[in-house]
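Chains as they are written, first to last, in the working numbering: chain P, 512 to 819; chain U, 36 to 567.
By construction, the Cβ of each residue, glycine as well, lies at the ideal position given by its N, Cα and C atoms.
Please read these numbers as outputs of a predicted model, since none were measured by experiment.
To start, the structure itself, in structure tokens.
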């Protein structure tokens with residue numbers, strides 16, 4: 512989808528969002544609360560109609576061809592509400608049948624792995640268990656595409672691990688997954704490519720490797736002599752010098768010069784760490800005025816707005 | 036009790052639109068009194084009108100006896116049953132909304148974790164309804180006094196409305212403790228109201244209205260219904276203030292029980308224990324229609340059973356109505372509406388009112404879609420291969436066939452019991468069944484209005500649907516009191532199936548066409564709008 516715009520009254524939820532998910536990949540869809548993740552997914556489901564922009568889903572129009580497309584996908588909402596009088600098992604079967612099929616063996620194994628009692632009625636499930644009902648219904652369905660809106664919020668760490676295993680299995684089966692999340696570790700562990708959105712616009716999109724390329728490497732070193740010209744080098748940020756110890760972050764394209772400078776001072780120990788997604792994320796959601804220069808596939812990028 | 040004040044302010048804020056609208060209903064008695072004063076300007080004409088009504092057993096059976104042939108007395112007589120409904124139903128719904136509904140939705144948990152006492156929500160709900168009912172009573176009383184009616188009677192009528200409201204606020208407070216489900220709690224409270232209302236109505240029917248028992252209260256079967264007490268207060272006819280003590284006692288006992296239960300249970304839990312369901316869905320549960328059946332069947336069966344029981348009861352008691360047509364006016368009246376005796380006329384009117392009542396079911400069944408949408412339960416269904424049209428059609432089947440089934444049940448029950456009493460089932464059953472089903476297209480128009488609003492103006496769908504029904508009923512009251520002209524009353528779908536009118540096939544077809552058009556407009560809107 513490209514250039515998606517959606518407003519609710521005076522609030523602009525999406526202001527030209529771009530997103531492309533390739534067949535067979537697990538695509539992470541990252542953004543803080545209120546960034547427009549759920550709105551995007553609801554447009555893809557044809558539940559709401561975009562004001563402008565072009566969206567294609569599995570070769571069809573998500574609004575016009577909704578019913579046909581829905582046979583080929585499964586959706587887990589971020590906030591799962593169940594019918595108070597229906598048991599979890601009934602909901603799983605019903606949603607599976609309405610999608611057009613459920614694998615009973617997979618249903619059984621998922622129930623066991625998620626440790627979910629399907630006999631409990633909707634009103635008596637906890638938030639995490641409601642989430643599990645929707646997950647089992649989606650994962651046991653025979654579909655090509657999974658749209659998951661913050662699916663692991665409410666799961667405990669043990670279940671979070673089970674969830675990650677399941678998504679890894681889905682990828683091996685060749686299913687496409689769009690996983691919206693604000694849990695970075697989850698996306699880092701599961702996703703092939705990532706789109707980061709903020710205020711309804713895509714600010715970054717690419718593989719994790721590509722995105723890391725755009726960010727700074729953290730370096731901490733113990734040197735033989737105090738470094739002399741390090742602080743003056745372009746591309747060095749947040750430098751802390753404590754006698755012969757030095758800590759800083761370095762732009763990827765300036766690493767060469769920094770390393771040369773360090774060797775000149777004599778390296779005793781060196782620790783260099785690639786940026787975590789955490790750092791990527793913080794960079795985009797904290798109002799940092801630094802212009803990020805990069806060229807990613809979407810063409811929708813550039814200056815992260817200075818103010819939130 | 037800590038935090039009750041804050042919760043009261045929260046409740047008042049959440050109800051800031053509903054409460055003022057509700058208070059406006061308190062102006063109805065003033066309108067009725069003004070009409071009576073205009074229509075019957077002299078004491079003689081008032082007395083003549085009162086005698087005429089009292090000599091019509093069908094009307095007495097429905098509205099009860101006139102206690103005093105004055106403007107005030109006639110107003111109290113005409114608005115008595117109305118006051119029970121107008122005060123009790125909103126009070127009951129408000130209490131459930133601020134107690135069990137909040138608890139089930141989890142909002143109570145947020146509030147319960149703050150510095151708020153265990154009983155704060157219950158106290159806040161009861162105090163808000165107390166305040167609201169007193170305001171309603173004040174509106175009723177001020178309106179009547181502004182017309183120069185006696186202060187004592189005006190205040191007594193206002194307080195008798197408030198008494199009905201407060202008694203059912205207490206019933207709702209107790210019901211809210213019993214079940215963990217909002218729907219069940221609400222149905223328990225509404226069921227109790229329906230039962231008491233039915234006892235009250237049936238008590239008028241035996242034609243013994245002038246009997247001593249109504250005045251003496253002793254051993255009267257109807258006085259076990261607290262709703263009957265509000266009428267026995269007799270505003271404008273020698274007010275019996277001591278009955279308010281009985282009302283206060285009833286409220287105190289129920290509220291104490293509610294507090295006692297609330298102290299014993301866990302947050303979110305009910306007294307009726309949760310039960311497990313099946314681990315697998317039955318094979319039938321595979322379509323939106325099957326889901327709609329699961330969601331709607333309880334309400335539908337409840338209405339059908341209630342209507343069948345009402346039919347059995349009314350068919351049985353109507354035989355006690357005097358059959359002779361004692362005045363020429365009365366026989367003219369019967370001839371005009373095509374009835375052959377007073378029992379038949381009585382049943383025609385009752386069946387018409389039941390038709391209006393089932394319109395409430397039609398609105399509820401249609402609005403089920405809106406609540407499914409708002410609770411986000413529609414979303415996962417519509418994210419499967421179910422189209423919006425198919426989803427809506429599943430629920431609309433209940434909004435259209437449900438009223439037909441309930442009306443058929445009541446028509447069948449009345450036809451059988453009345454026919455057996457009259458000794459001619461084969462003649463009475465088809466006639467009464469036809470008199471029942473005749474209101475159906477007007478009910479469909481109400482469902483159509485609700486659907487059109489749901490499709491085109493979803494945010495206001497529920498409130499405007501109810502407002503439309505209320506407006507049609509007020510229009511009818513005004514028409515009956517000759518303040519609203521026939522062409523204006525014709526705006527109401529019920530005007531075309533009114534018990535006093537000869538219902539034509541053409542009217543029937545037109546109403547059905549209007550209902551279909553409204554529904555189509557709603558579906559058109561639903562297909563094009565955003566969900567959620």
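Distance check for residue j and residue i, CA to CA, integer angstroms please.
i	j	result
residue 824(P)	residue 132(U)	Shown here, chain P extends from 512 to 819; a query on residue 824(P) therefore has no answer.
residue 779(P)	residue 538(P)	41 Å
residue 583(P)	residue 476(U)	41 Å
residue 736(P)	residue 772(P)	11 Å
residue 221(U)	residue 170(U)	24 Å
residue 251(U)	residue 58(U)	Confidence in residue 251(U) is poor, its pLDDT being 39 and thus under 50, which makes the residue's placement unreliable; the coordinate value appears in the next sentence. Using only the alpha carbons, I get a separation of about 33 Å.
residue 410(U)	residue 708(P)	27 Å
residue 278(U)	residue 393(U)	33 Å
residue 812(P)	residue 764(P)	Because the pLDDT of residue 812(P) is 36, which lies under 50, any placement of that residue in the model is unreliable, and the question is left without a value.
residue 164(U)	residue 281(U)	19 Å
residue 192(U)	residue 311(U)	49 Å
residue 543(P)	residue 716(P)	15 Å
residue 733(P)	residue 754(P)	9 Å
residue 749(P)	residue 760(P)	6 Å
residue 490(P)	residue 399(U)	For chain P, the structure presents residues 512 to 819; residue 490(P) sits outside this window and is missing.
residue 538(U)	residue 530(U)	10 Å
residue 427(U)	residue 558(U)	8 Å
residue 604(P)	residue 618(P)	9 Å
residue 122(U)	residue 199(U)	6 Å
residue 554(U)	residue 560(U)	10 Å
residue 785(P)	residue 744(P)	20 Å
residue 485(U)	residue 791(P)	50 Å
For residue i, return the contacting residues in chain U, with the cut-off set at a CB-CB distance below 7 Å.
i	result
residue 582(P)	420
residue 588(P)	411, 414, 415
residue 595(P)	216
Determine the chain P residues that contact residue i at a beta-carbon separation under 9 Å, and present them in chain order.
i	result
residue 493(U)	Per Cβ cutoff of 9 Å: no residues; residue 493(U) is ~13 Å from chain P at best.
Which residues in chain P have a C-beta closer than 8 Å to the C-beta of residue i? List them in chain order.
i	result
residue 410(U)	592
residue 602(U)	Residue numbering for chain U in the displayed model covers 36 to 567; residue 602(U) lies beyond these limits and cannot be assessed.
residue 515(U)	None at all; the shortest Cβ gap to chain P is about 42 Å.
residue 138(U)	Simply none; closest approach about 11 Å.
Residues of chain U with CB under 8 Å from residue i, in chain order?
i	result
residue 632(P)	309, 310, 311, 312
residue 578(P)	420, 421, 422
Does the distance from the C-beta atom of residue i to that of residue j stay below 8 Å?
i	j	result
residue 528(P)	residue 419(U)	no
residue 512(P)	residue 562(P)	no
residue 127(U)	residue 204(U)	yes
residue 515(P)	residue 549(P)	no
residue 196(U)	residue 160(U)	no
residue 747(P)	residue 769(P)	yes
residue 380(U)	residue 480(U)	no
residue 313(U)	residue 188(U)	no
residue 206(U)	residue 224(U)	yes
residue 212(U)	residue 293(U)	yes
residue 139(U)	residue 217(U)	yes
residue 478(U)	residue 397(U)	yes
residue 739(P)	residue 540(P)	no
For a contact defined as C-beta to C-beta under 9 Å, what are the partners of residue i on chain U?
i	result
residue 645(P)	415
For this session: Could you tell me whether the stretch 156-174 of chain U touches the stretch 74-88 of chain U, using the rule of 3 or more Cβ pairs below 8 Å?
Result: no
Problem set entry | chain U contacts from the stretch 549-569 of chain P (Cβ-Cβ distance under 9 Å) | Those residues of the stretch 549-569 of chain P that come within reach of chain U (Cβ to Cβ, closer than 9 Å) are 553, 556, 557, 558, 559, 560.
For this session: Please list the residues of the stretch 608-629 of chain P that have a C-beta atom closer than 7 Å to any C-beta atom in chain U, keeping them in chain order.
Result: 608, 609, 610, 611, 629
Exercise. Does the count of Cβ pairs from the stretch 586-605 of chain P and the stretch 325-334 of chain U closer than 8 Å reach three?
Worked result: Touching, per the Cβ criterion.
Exercise. Can we say the stretch 330-339 of chain U touches the stretch 431-445 of chain U, given the rule of at least three CB pairs closer than 8 Å?
Worked result: yes
Exercise. Between the stretch 700-718 of chain P and the stretch 653-670 of chain P, are three or more C-beta pairs nearer than 8 Å?
Worked result: no
For this session: With 7 Å as the C-beta to C-beta threshold (strictly closer), list the residues of the stretch 513-529 of chain P near chain U in chain order.
Result: Cβ contacts with chain U: none found.
Problem set entry | Where the stretch 319-336 of chain U meets chain P: residues whose CB sits under 9 Å from a CB there | 320, 321, 322, 323, 325, 326, 329, 330, 333
For this session: Decide if the stretch 115-129 of chain U is in contact with the stretch 257-272 of chain U; the criterion is three or more beta carbon pairs, one per stretch, under 8 Å apart.
Result: By the criterion of at least three beta-carbon pairs nearer than 8 Å, the stretch 115-129 of chain U is in contact with the stretch 257-272 of chain U.
For this session: Give the residues from the stretch 208-239 of chain U that approach chain P closer than 9 Å (Cβ to any Cβ), ordered along the chain.
Result: So the close ones are 215, 216, 217, 218.
Problem set entry | Positions along the stretch 547-567 of chain U whose CB lies within less than 7 Å of some CB in chain P | So the close ones are 565, 566, 567.
Exercise. Does the stretch 443-454 of chain U come close enough to the stretch 336-356 of chain U that 3 or more CB-CB pairs lie under 8 Å?
Worked result: yes
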